[in-house]
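> First residue of the sequence shown: 1, per this note's numbering; consecutive thereafter. Even glycine gets a Cβ: it sits at the ideal position worked out from N, Cα and C. Treat the numbers as computed from the prediction; the structure is a model and nothing was measured.
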Amino acid sequence: LKITYGTVVALTGWFIAHILRFSETWFYYYTVNEKYTNIEGLKAQFTKIKMIRQLLTFIITIITISAILLIFNHARNVGISLLASTGLITAILGFAAQKPLSIIFTSFGLAFSQPIKIDDVVIIENEYGTIEEITMSYVVVRIWDARRIIVPANYFIDHIFQNWTYKKTNLIGTIFLYGHYSLPLQALRDELKKQLHLSTLWDKEVYNLQLTDFKEHCIELRILVSAATPGELWNLRVEIREKMLDFINRYYPECLPCQRIEIKPYEKKSHKAF
Numbered sequence: 001l002k003i004t005y006g007t008v009v010a011l012t013g014w015f016i017a018h019i020l021r022f023s024e025t026w027f028y029y030y031t032v033n034e035k036y037t038n039i040e041g042l043k044a045q046f047t048k049i050k051m052i053r054q055l056l057t058f059i060i061t062i063i064t065i066s067a068i069l070l071i072f073n074h075a076r077n078v079g080i081s082l083l084a085s086t087g088l089i090t091a092i093l094g095f096a097a098q099k100p101l102s103i104i105f106t107s108f109g110l111a112f113s114q115p116i117k118i119d120d121v122v123i124i125e126n127e128y129g130t131i132e133e134i135t136m137s138y139v140v141v142r143i144w145d146a147r148r149i150i151v152p153a154n155y156f157i158d159h160i161f162q163n164w165t166y167k168k169t170n171l172i173g174t175i176f177l178y179g180h181y182s183l184p185l186q187a188l189r190d191e192l193k194k195q196l197h198l199s200t201l202w203d204k205e206v207y208n209l210q211l212t213d214f215k216e217h218c219i220e221l222r223i224l225v226s227a228a229t230p231g232e233l234w235n236l237r238v239e240i241r242e243k244m245l246d247f248i249n250r251y252y253p254e255c256l257p258c259q260r261i262e263i264k265p266y267e268k269k270s271h272k273a274f
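Written as structure tokens, this is what we have:
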């Protein structure tokens with residue numbers, strides 16, 4: 001009979017945990033199909049709901065295991081005697097101060113203070129990636145080449161990192177061009193404007209072309225462009241770099257950077273003795 005009670009308790013805990021998971025999935029499905037425009041708000045809600053579901057599942061698991069142990073007399077007596085002992089209480093307090101539990105508490109701080117959210121673009125250990133999953137103890141970062149970096153949750157509290165989509169996803173990127181001093185800047189500005197308006201990646205917010213430096217054999221030009229997401233910004237920079245290089249090659253090939261060498265004829269001078 002006790003085994004039957006234990007089975008019922010275990011199935012009840014399992015059923016409640018799956019109800020929580022179903023509720024989380026239903027929320028995702030409902031919000032995505034409603035076509036909300038506040039993407040940042042959705043990301044914040046998804047992160048909070050995921051962490052709340054994990055916390056409740058953890059609590060339900062502990063309660064279920066405790067309830068099963070209390071059904072059996074021997075296990076209950078052992079549990080009560082252990083809990084009553086000062087040694088175990090001291091051990092529990094000591095364990096609470098250890099790193100594993102502190103990481104769990106940190107993960108809930110991340111979920112509500114939200115320096116990172118699911119789908120945020122971050123730079124960690126000089127790697128560009130996207131926050132793929134936030135759990136109670138670690139964070140999964142998907143790198144641009146499909147690798148995954150598993151990072152302890154407290155890393156995002158103890159270390160400095162870059163979050164490119166903390167408030168907004170749109171970013172400004174730079175493109176550097178080099179050319180001869182005779183390169184016509186206004187023609188380049190007109191071509192840049194034309195190519196940006198033809199591009200589907202530009203968000204129509206920022207563009208600029210400036211002469212930023214004189215080098216020994218060439219000039220340095222900096223182009224600023226903006227895009228809605230980090231991925232689109234990368235592709236836009238590549239596209240504009242190719243278009244501008246093609247424009248210079250086609251219409252101003254003589255203005256490409258080069259090193260000129262002037263050779264003068266050698267004149268032998270006669271030496272007269274005095």
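1) Taking contact to mean 3 or more Cβ pairs, one atom from each stretch, closer than 8 Å, check whether the region 154-161 and the region 221-236 are in contact.
2) Do you know whose CA, among Y181, C255, L110, V206, lies nearest L171's CA?
3) Looking at the secondary structure, which residues open and close the beta strand (DSSP E) in which N208 lies?
4) Is the beta carbon of G129 less than 8 Å from the beta carbon of I118?
5) Would you decide whether I248 is buried or exposed? Buried here means 16 or more other CB atoms lie within 10 Å of its CB.
6) Closest by CA to Q259, which one among R147, Y181, R250?
7) Just reading off the beta strand (DSSP E) that I124 is part of, what are its end residues?
8) Using beta-carbon positions only, say whether I223 and I175 come within less than 8 Å of one another.
9) Indicate whether L221 and L211 have their beta-carbon atoms separated by less than 8 Å.
10) If you check the beta carbons only, do K50 and F112 fall under 8 Å apart?
11) Can you tell me the Cα-Cα spacing of M136 and V225, whole angstroms?
12) Our contact map puts I116 next to I131 with C-beta atoms below 8 Å; I'd like the distance itself, whole angstroms only.
Looking at the atomic coordinates:
1) Taking a cut-off of 8 Å for Cβ pairs, the region 154-161 and the region 221-236 do not touch, as fewer than three such pairs fall below it.
2) Of the residues Y181, C255, L110, V206, the one whose Cα lies closest to the Cα of L171 is V206.
3) Element bounds for N208: 202-214.
4) For G129 and I118, no; Cβs fall outside 8 Å.
5) The residue in question, I248, is buried, as its Cβ has 16 or more Cβ neighbours within 10 Å.
6) Among R147, Y181, R250, the Cα nearest to that of Q259 belongs to Y181.
7) It spans 121-124 - the beta strand (DSSP E) in which I124 sits, taken as one unbroken run.
8) Going by C-beta atoms, I223 is nearer than 8 Å to I175.
9) Yes, these two residues count as a Cβ contact at 8 Å.
10) It is not a contact, given that the beta carbons lie outside the stated cut-off.
11) Those two C-alpha atoms are separated by around 39 Å.
12) Between I131 and I116 the Cβ distance is about 5 Å, and since that is below 8 Å, they are a contact.
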